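The next block holds one structure in the form of structure tokens; read it before the comments.
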Amino acid sequence: MIDLTKLTPEALAGEPYRWAAVGGLFSPADAAALARTFPRDHFKTIGGYDGEKGFQYEARSLVGMGAREPAHAERLSGPWRRFTSELLSAEYRAALSRMTGLDLSALPMEANASHYGARAWLGPHVDLEDKVVTHVFYFNESWDEGDGGCLTVLRSGEMADVVKVVPPVVGNSAVLVRSQNSWHAVSPVRDGCRTSRRSLTVTFYRPGSLSTMWPEGDATPLHDYDSKLHKLAEWARSARRRLAR
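In the numbering used here, the protein residues as written are 1 to 245.
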């Protein structure tokens, strides 16, 4: 499902750090299926301030740290099970290794799906030192940049110091090579936005790293993502399709 030929060294920018915006990763049919069946089960609310960044969003484990199988696979659609199997493949690791020039073949990987609803955000930050490479995929069928919720590549820790804005439209993705100045953020989703910003973050870690998203012994209750919001968004999309006929 993933067009690995798009993950090339030439796509990687060198300023203000090593990163890339990579689009067109899925065929139109696969993109539509992944967007339509984005997970809504087994989420927990993430929020607070960790000393570096403020954050608020909903997260679901797709692949646990170092796991070889998807989490809660019985709740995933067929397209999402196929997509996850590719994320777990040696071919995907090899493509990202060639792109970044870093050997990711034996590093532990974790993947988490996220819903950013109204007022959700992720403040300016560089990733933890345990992180080596992060690949963020997006799954909204369409998105108005005025609604916020966009990945913002930054030159510094100031939200206004913008290099690039990446909207969360399915097929778009961003590759971030962690460094001391790899500043980025997610702009706040506009209050009143009627659909969530949907993404998947795949992260490769240094050996021996522990998950900060799902620490051992975490007993946070899990829930389905707001079904009323989902149904309203689905109704709106259906209405637009009917009017376009």
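Where a beta carbon is used, it is the ideal one built from N, C-alpha and C, also for glycine.
Because the structure is a prediction, the values reported are computed rather than measured.
Check your understanding: Quick one: what does DSSP say F26 is sitting in, helix, strand or coil?
Key -> The residue you call residue 26 lines up with position 26 of the sequence shown. Correct three-state label for F26: coil.
Review point. Does the beta-carbon distance from V189 to S199 come in below 9 Å?
Key: The residue you call residue 189 lines up with position 189 of the sequence shown. The residue you call residue 199 lines up with position 199 of the sequence shown. Note that the C-beta distance between V189 and S199 is not below 9 Å.
Exercise for review: Would you check if the region 210-228 and the region 89-100 touch, i.e. whether three or more CB-CB distances between them fall below 8 Å?
Suggested key: With the cut-off at 8 Å, the region 89-100 and the region 210-228 do not touch.
Check your understanding: Who are V169's beta bridge partners in DSSP?
Key -> Numbered from 1 along the sequence shown, position 169 holds the residue referred to as residue 169. Paired residues: N140.
Point to revise | For G78, the three-state DSSP class (helix, strand or coil) | key: The residue labelled residue 78 in the question sits at position 78 within the sequence shown. Helix at G78.
Check your understanding: How would you call L70, buried or exposed, if buried means at least 16 neighbouring beta carbons within 10 angstroms?
Key -> Working through the sequence shown from its first residue, we reach residue 70 at position 70. Checking the sequence shown, residue 70 turns out to be Pro, not Leu. Classification for P70: buried.
Exercise for review: Grab me the residues of S105's own chain with a C-beta within less than 8 Å of its C-beta, minus the 5 sequence neighbours each way, in chain order.
Suggested key: Residue 105 sits at position 105 when you count from the first residue of the sequence shown. Only A90, R93, A94, S97 meet the Cβ criterion.
Check your understanding: Do G148 and S187 have their CB atoms nearer than 9 Å?
Key -> Here residue 148 is taken as the residue at index 148 of the sequence shown, counted from 1. Here residue 187 is taken as the residue at index 187 of the sequence shown, counted from 1. Their beta carbons are under 9 Å apart, which means G148 touches S187 by this criterion.
**Study point:** Contact under 9 Å by Cβ, A33 with S61
**Key:** Position 33 of the sequence shown, counted from the first residue, corresponds to residue 33. Position 61 of the sequence shown, counted from the first residue, corresponds to residue 61. No; because the gap between Cβ atoms is not below 9 Å, this pair is not in contact.
Review point. Does the region 174-184 come close enough to the region 13-29 that 3 or more CB-CB pairs lie under 8 Å?
Key: Counting Cβ pairs under 8 Å, three or more are found: they touch.
Review point. What is the DSSP secondary structure of M109, counted as helix, strand or coil?
Key: Counting from 1 along the sequence shown, the entry for residue 109 is found at position 109. Reduced to three states, the DSSP call for M109 is strand.
Practice item. Check the C-beta distance from L154 over to V163 and give it rounded, since I have them as a contact under 8 Å. Key: The residue you call residue 154 lines up with position 154 of the sequence shown. The residue you call residue 163 lines up with position 163 of the sequence shown. Indeed, because the Cβ distance is near 6 Å, the residues count as touching under 8 Å.
Exercise for review: Kindly indicate which three-state DSSP category E145 falls into: helix, strand or coil?
Suggested key: Along the sequence shown, read from residue 1 onward, the residue named residue 145 stands at position 145. In this structure, DSSP gives E145 a helical state, which the three-state scheme calls helix.
**Study point:** Cut-off 6 Å between Cβ atoms - residues of its own chain near C193, not counting five sequence neighbours on either side
**Key:** The residue given as residue 193 occupies position 193 in the sequence shown. In chain order, A118, D147 place their CB closer than 6 Å to the CB of C193, counting only its own chain and leaving out the 5 sequence neighbours on each side.
Check your understanding: Should the region 27-43 be regarded as contacting the region 121-129, the criterion being three or more beta carbon pairs within less than 8 Å?
Key -> Not touching, per the Cβ criterion.
**Study point:** For R93, the first and last residue of its enclosing alpha helix (DSSP H)
**Key:** For the purposes of this step, residue 93 is taken as residue 93 along the sequence shown, with counting starting at 1. Residues 90-100.
Point to revise | Span of the beta strand (DSSP E) around S156 | key: Within the sequence shown, numbered from 1, the residue matching residue 156 stands at position 156. Counting along the chain, S156 falls outside any beta strand (DSSP E), and DSSP gives it neither H nor E.
Exercise for review: To the nearest angstrom, report how far apart P215 and R81 are at their CA atoms.
Suggested key: Taking the first residue of the sequence shown as position 1, residue 215 is located at position 215. Taking the first residue of the sequence shown as position 1, residue 81 is located at position 81. Spanning the two alpha carbons is a distance of roughly 24 Å.
Point to revise | Alpha-carbon to alpha-carbon, E141 and A233 | key: For the purposes of this step, residue 233 is taken as residue 233 along the sequence shown, with counting starting at 1. For the purposes of this step, residue 141 is taken as residue 141 along the sequence shown, with counting starting at 1. Any reading at A233 must be qualified, since the residue scores a pLDDT of 43, below 50, and its modelled position is unreliable; no value is offered.
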